[in-house]
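Note that the sequence shown covers residues 0 to 274 in numbering that gives the first Met the number 0.
We put the CB at the ideal spot given by N, CA and C, even for glycine.
Here the structure is laid out as structure tokens; the discussion comes afterwards.
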Amino acid sequence: MMTIFFSPPLLETLLTMISELDYDCALNFNGSCYIPSEELINSTQSLGLDSAQKICQENDGNLISIHSANENRFVLNYYKSLGLDSVLLGAVVTKHFFWMDDSHWDFSNIDHTNDEYGTCLKMALQNNKTVSKGSWYITPCDGSHYFMCKRPAGNSDLIHVPKVVKAPPSQCNKVLLMSGTFSSPTYPENCMYTLKTLDGQQIRITFQKFYVANGYIQIVEDYQGAEVKQKFSGTNKNLRYKSLTNELKVLFITEDLENMNSEFVAKFFSVFETE
Numbered sequence: 000m001m002t003i004f005f006s007p008p009l010l011e012t013l014l015t016m017i018s019e020l021d022y023d024c025a026l027n028f029n030g031s032c033y034i035p036s037e038e039l040i041n042s043t044q045s046l047g048l049d050s051a052q053k054i055c056q057e058n059d060g061n062l063i064s065i066h067s068a069n070e071n072r073f074v075l076n077y078y079k080s081l082g083l084d085s086v087l088l089g090a091v092v093t094k095h096f097f098w099m100d101d102s103h104w105d106f107s108n109i110d111h112t113n114d115e116y117g118t119c120l121k122m123a124l125q126n127n128k129t130v131s132k133g134s135w136y137i138t139p140c141d142g143s144h145y146f147m148c149k150r151p152a153g154n155s156d157l158i159h160v161p162k163v164v165k166a167p168p169s170q171c172n173k174v175l176l177m178s179g180t181f182s183s184p185t186y187p188e189n190c191m192y193t194l195k196t197l198d199g200q201q202i203r204i205t206f207q208k209f210y211v212a213n214g215y216i217q218i219v220e221d222y223q224g225a226e227v228k229q230k231f232s233g234t235n236k237n238l239r240y241k242s243l244t245n246e247l248k249v250l251f252i253t254e255d256l257e258n259m260n261s262e263f264v265a266k267f268f269s270v271f272e273t274e
């Protein structure tokens, strides 16, 4: 019998790879699982940006972000035999580029020779007169798009390690784009959460947990030249709010910083005005 020895660094790498195996996921790359839209909605349907992102979040992920040339080739390779022209990326285009999963913008394959305009980003899956296969291009967000979700790979049950659920960051005094989660701070302070989405869209907030004592939450918007305010406190189950515009502020005010006894968790996402 031949015995094979692994050096400690190589052994650690192999164990990490094994722990990241996800047998419920057919597409794995570098610790992430990729799920194309046809697997999520049981057809080759395409959706708008906010609806696609919502479906990804319901499946513990986000629209894909891409961070290397190898990852770009991995996604492109999946679609090579499907005959599609493009796939929606999980990016928001304003004055800067942002990934909707809050990851760093550390790689770009944007074709700046393409004169399209808009606030969404797609990957070209075919060569044509304006873009080359694998390149990214700016496009309007309206209409429907094929998309792919991305989530961390790994099934901790396979290696019998208890799953640790980390609390999301509070996002106190942050500007949040398109969709996400914000919550009460972990230490006594007042907070402001600024939520923004694209022109022509609105913001829908759902408080999954709401208990605010010795203070209140106030939602503030500028609408048709006037400031609109709504105040909430106490205990409230499934509190919901839909904005009048594409930007609002959520203020958390504690009136007794030494005895703060409040807790809330809220999710928000972008919707079109008709939704």
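- Message: Relative to the C-alpha of Met122, which candidate in Tyr116, Thr253, Lys128 and Lys132 has its C-alpha closest?
- Response: Nearest to Met122 by alpha-carbon distance, out of Tyr116, Thr253, Lys128 and Lys132, is Lys132.
- Message: Rounded to the nearest angstrom, what separates Phe251 and Trp104 at their Cα positions?
- Response: The alpha-carbon separation between Phe251 and Trp104 amounts to approximately 30 angstroms.
- When you compare only the Cα positions, how much space is there between Thr138 and Thr118? Looking at the backbone, the Cα of Thr138 and that of Thr118 are separated by about 6 angstroms.
- Query: Going straight from the alpha carbon of Gln201 to that of Cys140, what length do you get?
  - Reply: About 14 angstroms.
- Task: Could you check the C-alpha separation between Lys208 and Ser182 for me, to the nearest Å?
- Result: For Lys208 and Ser182, the distance between alpha carbons rounds to 9 angstroms.
- Item | C-alpha distance - Pro161 paired with Phe231, whole-angstrom precision | Residue confidence is low: Pro161 scores 36 on pLDDT, short of 50, so the model does not pin down where it sits. Its coordinate-derived value is still stated next. Roughly 37 angstroms between the two C-alpha positions.
- Query: For the candidate residues Trp135, Pro35, Arg150 and Arg203, whose alpha-carbon lies nearest to that of Tyr78?
  - Reply: Restricting attention to Trp135, Pro35, Arg150 and Arg203, the CA atom closest to the CA of Tyr78 is found in Pro35.
- Query: So the beta strand (DSSP E) Asn237 belongs to, where does it begin and stop?
  - Reply: First-last for Asn237: undefined, no H or E at that position.
- Task: Report the three-state DSSP secondary structure of Glu262 (helix, strand or coil).
- Result: Strand at Glu262.
- Message: I'd like the list of long-range same chain contacts for Val163, defined as Cβ closer than 7 angstroms, with 5 residues on each side in sequence excluded.
- Response: Residue confidence for Val163 is low, a pLDDT of 38 falling below 50, so the modelled location carries little weight; the figure read from the coordinates is stated next. The answer is none, since no qualifying residue turns up.
- Message: For Ile216, report the span of its alpha helix (DSSP H) as first-last.
- Response: Note, Ile216: premise wrong, no alpha helix (DSSP H); beta strand (DSSP E) at Gln200 to Tyr222.
- Item | Contact under 8 angstroms by Cβ, Asp49 with Phe268 | Contact: yes.
- Item | Among Ala25, Phe96, Lys128 and Gly82, the one whose alpha carbon lies nearest that of Leu120 | Minimum Cα distance to Leu120 is reached at Phe96.
- Message: Report the CB separation of Ser67 from Arg150 in whole angstroms; it is logged as a contact under 8 angstroms.
- Response: Rounded, the Cβ-Cβ distance is 18 angstroms, inconsistent with contact.
- Query: Distance, Cα to Cα, Ser45 vs Asn29?
  - Reply: Whole-angstrom Cα-Cα distance: 26 angstroms.
- Task: List the whole-angstrom C-beta distance separating Ser261 from Ala212, where the pair is believed to meet the contact cut-off of C-beta under 8 angstroms.
- Result: At roughly 6 angstroms, the Cβ-Cβ gap stays under 8 angstroms, so Ser261 and Ala212 are in contact.
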